[in-house]
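Have a look at the structure below, then the notes.
Protein chains in written order, with my numbering: chain A, 31 to 221; chain B, 171 to 446.
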């Protein structure tokens, strides 16, 4: 299963996202050969504080996703608050103001489903800590398209509900601790 | 990509082509990922087994069209969405507009009218309403009808009121509506100077000599080619030094006509038409 070429990574996180992302992103080198797209549930009236926070601590370039922006390796793209983040088949980013999904905008399902379409088996998708079930349907779309599915271990996650929901729909997903997820991502450099 | 995905992509292309040829609604240059989500949602909720089945239905039965359009076009919005945008219009743009004896404002893609009435209230608060003509356009007849009726759900009013206050309100939002039909209806004097019109940014031509065009969270649904067309349409519809307001995450950066505009309030995505 590890032989497949990974061309992009998509991550979803909710409650506990800040600590989880601070754990896995800062160790990654600027030479990471893939783009990383991230949806974190944040209230609609607040700017995404994760961008400045992580920018300071990461070797990777960290930014808020812009509509029509081409994806670049070594770059982390966060969904802006109050917009869904999607990927087009030409591997540019798209934003949408459509109604919330799973009571959330941005929604993890929306990112994962569109990324699965754009990247197929070249996508690795990760569902991290959270207290709802967003991302489960999206992860199922990722596995259906032949992509790699990783789920944070519900036992060690700050909030286990979201990873558990993802595992319920994708029982074959790889279960990893945050250290295991970091190692997987770091492994993309030499792959 | 699975075979199912591939078939669905073929179906989407054929469906959009059919819609265009039969009804002249042209979604062929909408951003694909979003239009696909909406079509799949329409298929599931309208109870069709495939997009080919919807295509057959809509080709032979006109009554399917309005329901379908509601999936393809209507966007949820709110009054004074992004209050800082309205505050920037109030503090930075309207003082310029106040120097004109008469004004034209175009709300392009007005959907159910939330943005239109926000602007109408803003212009009234700043003493410009009586000299302004508003053009509110959309391609969806149901949405235009709802905009003209100006009835909104009661449970939205708290949010609208908070947004309005944050925009630097000089009046209370409750001055403009009363309870009706299980919701609230906005004062008809707010639409005395509004022209509602069926207009497509995709296929129709420019409106003349606007001082302000507000078109927020519409361009993100278009592909780059269509964005280029629409931005050119806005340029040609603006008076000299006219203003263009976009959604908070939209920009002219990736369009061909960026040089036709200069940023006026960059953080609120308010542009001014450049000279020449």
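Glycine residues also receive a C-beta, built at the ideal position from the N, C-alpha and C atoms. Because the structure is a prediction, the values reported are computed rather than measured.
Checking the DSSP bridge columns, you'll see residue 274(B) partnered with 303(B). If you look at residue 367(B), you'll find it isn't in any alpha helix (DSSP H); it sits in the beta strand (DSSP E) that goes 364–368. By the rule that beta-carbons nearer than 8 Å mark a contact, residue 124(A) touches chain B. Scanning the segment 245–270 of chain B from its first residue to its last, the whole alpha helix (DSSP H) runs of 4-plus residues come out as 253–258 and 264–267.
Here residue 49(A) carries a helix assignment [DSSP, helix/strand/coil]. Counting the other CB atoms within 10 Å of its CB gives residue 328(B) a total below 16, which places it among the exposed residues.
Of all residues in the segment 106–121 of chain A, the ones placed with a Cβ closer than 7 Å to any Cβ belonging to chain B are 110, 113, 116, 117, 118 and 119, in chain order.
CA-to-CA, the gap between residue 120(A) and residue 300(B) works out to about 48 Å.
Considering only beta carbons, no part of the segment 31–62 of chain A lies closer than 8 Å to chain B. Counting other Cβ atoms within 10 Å of its Cβ, residue 185(A) stays below 16 and is therefore classed as exposed. Residue-level contact check: residue 129(A) touches chain B, since one or more beta carbons of chain B fall below 8 Å from its beta carbon. Check the Cα spacing between residue 198(B) and each of 394(B), 432(B) and 414(B): the tightest is with 394(B). Looking at the DSSP output, residue 350(B) bridges to 353(B). The C-beta of residue 196(A) has 16 or more other C-beta atoms within 10 Å across all chains shown, which makes the residue buried. For residue 186(A), no chain B residue has a Cβ inside 9 Å of its Cβ, as the nearest lies near 33 Å away.
Secondary structure note for residue 67(A): its beta strand (DSSP E) is the uninterrupted segment 66–70. By the Cβ-count criterion, residue 302(B) is buried, with 16 or more other Cβ atoms from all chains shown falling within 10 Å of its own Cβ.
For residue 141(A), the enclosing alpha helix (DSSP H) starts and ends at 138–149.
In this structure, DSSP gives residue 431(B) an extended state, which the three-state scheme calls strand. Against chain A, the CB of residue 203(B) has a partner CB under 8 Å away; the residue lies at that interface. Each residue's CA atom was taken as its position, placing residue 238(B) and residue 179(A) some 34 Å apart. If you compare the alpha carbons of 139(A), 188(A), 215(A) and 216(A) with that of residue 172(A), the shortest gap goes to 139(A).
According to the DSSP assignment, residue 108(A) belongs to the beta strand (DSSP E) that extends over 105–108.
With fewer than 16 other Cβ atoms inside 10 Å of its own Cβ, residue 323(B) counts as exposed. For a cut-off of 8 Å, the C-beta gap from residue 113(A) to residue 135(A) is around 7 Å, short enough to register as a contact. In this structure, 418(B) is the residue among 404(B), 177(B), 179(B) and 418(B) with its C-alpha nearest to the C-alpha of residue 437(B).
In this model, residue 86(A) and residue 358(B) are separated by some 52 Å (Cα to Cα). Just measuring C-alpha positions, the residue of 93(A), 73(A) and 84(A) sitting nearest residue 48(A) is 84(A). In this structure, DSSP gives residue 168(A) a helical state, which the three-state scheme calls helix.
With fewer than 16 other Cβ atoms from the protein chains shown falling within 10 Å of its own Cβ, residue 423(B) counts as exposed.
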